[in-house]
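Worksheet for the structure shown next.
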Amino acid sequence: MYILSMNAKDALSKAISKATGLSEEKINTLFELPPKKEFGDIAFPCFAIAKGKNPTITAKELAEKIKPPKEISKVKAVGPYVNFFLNDAILAESTLLEILKKREKYGAPEKKSKKKVMIEYSAPNTNKPLHLGHLRNDSIGMALSRVLEFSGQKVIKANLINDRGIHICQAMLAYKKFGKGKTPQSTGIKGDKFVGDYYVKFNQEAKNNPTLNKEAAKLLQKWEAHDPATIELWKKMRSWALEGFKKTYAEFGSEFDHFFFESDFYDKAMPLIELGLKKGIFYKNKDGAIIAKLKEFGLPDKTVLRSDGTSIYISNDLALTKFKQEEFNLDRNIFVVANEQNLYFKQLFKILELLGFKWASDCEHLNYGLVLLPEGKMKSREGKVIDADDLIAEIKSLAEKEIKKRHSNLEEKEINKRAKAIALAAIKFSMLKIHHKKDFTFNAKESLSFEGESGPYLQYSYARAKSILRKAGARKGKPDFSLLASSREKELLKKLGSFPQLIKRVAETSELHALCHYLLGIAEEFNSFYHEKQVLKEKEDIRETRLALVEAFSIVLSTGLKLLNIPVIESM
RNA sequence: GGACCCGUAGCCUAGUGGAUAAGGCAACAGCCUUCUAAGCUGUGGAUCGGGGGUUCGAAUCCCUCCGGGUCCGCCA
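Numbering-wise, our numbering comes out as the position in the first sequence, counting from 1, plus 76.
Right, dumping it as structure tokens:
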């Protein structure tokens, strides 16, 4: 729960601790935010300390007994609660000075945790372009990376490229049959789209021609046998796909420190398979496939190696996860993958635990809800997908129109820059603001608005604040914190003061939507304030004080947007 | 059939066992000679899927039923 700045809270816990004998830590966990600001700024519920007595009477007694610190201006018992009112001037001074001093570091914890964490996200297949599902995955992966980095952790952003398997060979086969030597260069088609078109083509043709599936399986065998011509084609098509991904990642702002390729690990699982057999946690069934025994742990058994001795996805993952852990010495290993693979990851982590790897407990599946279309799941093989590049381009052109409505003589370069920033804000925020566990149903009209609870609304709020600060020019005089008396100003201050606690929560729970709603909260508060007070028209002392508030707001909002990997722009 | 997730106003969403369930969209009524109207102010709209239970107190925890989703491949 975010309540108020740390200083005031600590002083208050100390005072309550003296009056009740409870530990400060315990008291800190009990504090609540009153539902209405008229009740006060912070509430201490007396249910826990009443111990059978009437909590209303206990609250009254405590309110009289307590000696409030200087940060508190008033103590009042209301029903079973003791409510505290903050001293406005001290609240304003401590909060604003802290933000203006720490600036872009405000909100980060004092102590760095020094934990080393890998966040694996995106994980595209090299047989088809990135789609809306990847954009949700990337939004979560990047935002979580930024938040953990901000919290002092050492983050390694990783991408596992799925560049091997029957689906890859299907695209290769279609290209062999129908490609006629065309290339992305010769056709002017983006590399990943070019490859993806052949994957779709394969699935269309295979409907009427079942032998194509057998041919694709043969191609996979040739690939595994390192047939030179097959490997050459595979390398060529893979590089086309990767070139395409690189462009989309650059456009969307997804960054990676390390790329892993499934093709490097598919044949590295044997030592682990043998270890499992030796330990008796795997067995060979009558067909010769290797199965992990998981039933006694409440999970279905899992095949870890095919009867023909070739590896499947989990074989690679066993080897890759071990490699990651040993190579990077991780304290935490986060897999950002949609919740359709919940069972899979339970099985993977359980097997690693049974194999005796202590670090298995450091592995985490950050599962998020599916991205659905109004008509249901996206289906790449049928071409029923929202393409990532198309979506970005479409939203960008809508943003361009909005900009041109407002500005008649802006340079094309500037329009382009703003439009891109606004489009990314709209897309990312729409997907980050809902709880990651919830399915996201994409609705073009409603999902990507520039108004209301949206990314562009936040950017706009920031631009408004910066516009004031630009026009204010050089500061004169000193802020007088006793002048920030309106309830709007106080609410904004309290929320700005709670930013560090919010960050702590998001880093601990990965609940990025909480950061989104926090930013909406401060932006709403700021916009009301903006409407109510004409900062630049005020007299010197109050003007300086309000400018400090505006600047503090702009700092926190800018930090928040950057943590969400949403571009911050100075003007809109 | 089994496991997991979800059900909050017409739609989307927040809600960390606590006070009168909070926002956005849509609808309606206002606000631009005033720091950017991508904004602000106001009005209406909710048996928190149903029913039990635990608790001083439940949208939140437990049970059960109903509805929706995902998974339970020698796919990735």
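Where a beta carbon is used, it is the ideal one built from N, C-alpha and C, also for glycine.
From a predicted model like this one, the values you see are computed outputs, not experimental measurements.
- Buried or exposed by the 16-neighbour rule on C-beta atoms within 10 Å, applied to F123: exposed
- Query: Thinking C-alpha only, which one of A250, K504, I244, K266 is nearest K323?
  - Reply: K266
- Since H589 contacts L508 with CB under 8 Å, what's their CB separation in whole angstroms? 6 Å
- Just tell me which of T517, L591, D556 has its CA closest to the CA of L534. L591
- S437 versus N418, Q401, L396, V447, residue with shortest Cα-Cα distance: Q401
- How close, in whole Å, do the beta carbons of E147 and L88 come, if the pair is a contact with beta carbons under 8 Å? 7 Å
- Message: Quick check on this structure: which residue in F270, A95, I357 has the alpha carbon closest to the alpha carbon of R314?
- Response: F270
- Message: Based on DSSP bridge pairs, tell me the residues matched to Y359.
- Response: I367
- Message: Strictly by DSSP, which residues pair up with K459?
- Response: One detail in the question is off: residue 459 reads as Gly in this sequence, not Lys. In DSSP, G459 forms no bridge with anything.
- Check each candidate in G116, E114, L224, L98 and name the one with the smallest Cα separation from A126. L98
- Message: Give me, in chain order, the residues of the same chain whose beta-carbon lies closer than 6 Å to that of S506; leave out the 5 immediate sequence neighbours on both sides.
- Response: S523, L524
- Round the Cβ separation of S383 and G364 to the nearest angstrom and send it over; I've been treating them as touching at under 8 Å. 4 Å
- Message: Please state the DSSP three-state secondary structure of T259.
- Response: coil
- Message: Does P304 come out as helix, strand or coil in the three-state DSSP assignment?
- Response: helix
- Between the segment 446-462 and the segment 602-618, do three or more beta carbon pairs fall short of 8 Å? no
- Query: Taking the Cβ atom as the reference point for each residue, do F341 and A395 lie within a distance shorter than 8 Å?
  - Reply: yes
- Would G374 be called buried (16 or more neighbouring beta carbons within 10 Å of its own) or exposed? exposed
- Are three or more beta carbon pairs between the segment 188-202 and the segment 402-414 nearer than 8 Å? yes
- For the beta strand (DSSP E) that contains F654, what are its first and last residues? Past the boundaries of the shown model lies residue 654; the chain is included only from 77 to 648, so the question cannot be answered.
- Query: In whole angstroms, what is the alpha-carbon distance linking P205 and D273?
  - Reply: 9 Å
- Let me know the secondary structure DSSP gives P156 once reduced to three states. coil
- What's the C-alpha gap between K191 and Q280? 49 Å
- Query: Under 8 Å between the Cβ atoms of F328 and I468?
  - Reply: yes
- Query: Can you tell me where the beta strand (DSSP E) with L236 in it begins and where it stops?
  - Reply: 230-237
- Task: Determine the contact status of K472 and A499, defining contact as a CB-CB distance below 8 Å.
- Result: yes
- Message: I'd like the span of the alpha helix (DSSP H) that includes C592, first residue to last.
- Response: 588-608
- Query: According to DSSP, what are the bridge partners of K496?
  - Reply: In DSSP, K496 forms no bridge with anything.
- Message: Rounded to the nearest angstrom, what separates E661 and I388 at their Cα positions?
- Response: It is not possible to answer for residue 661, since the shown part of the chain is limited to 77 through 648.
- Contact check, L649 vs A168, beta carbons under 8 Å: In the structure as shown, the chain starts at 77 and stops at 648, and residue 649 therefore has no counterpart that could be examined.
- Query: In terms of residues, what are the limits of the beta strand (DSSP E) holding L446?
  - Reply: First-last for L446: undefined, no H or E at that position.
- Continuous alpha helix (DSSP H) assignments of at least 4 residues falling wholly in the segment 614-640: 616-639
- Task: Throw me the rounded Cβ distance for the N653 and A199 pair, which I believe falls under 8 Å.
- Result: Any question about residue 653 goes unanswered here, given that the chain covers just 77 to 648.
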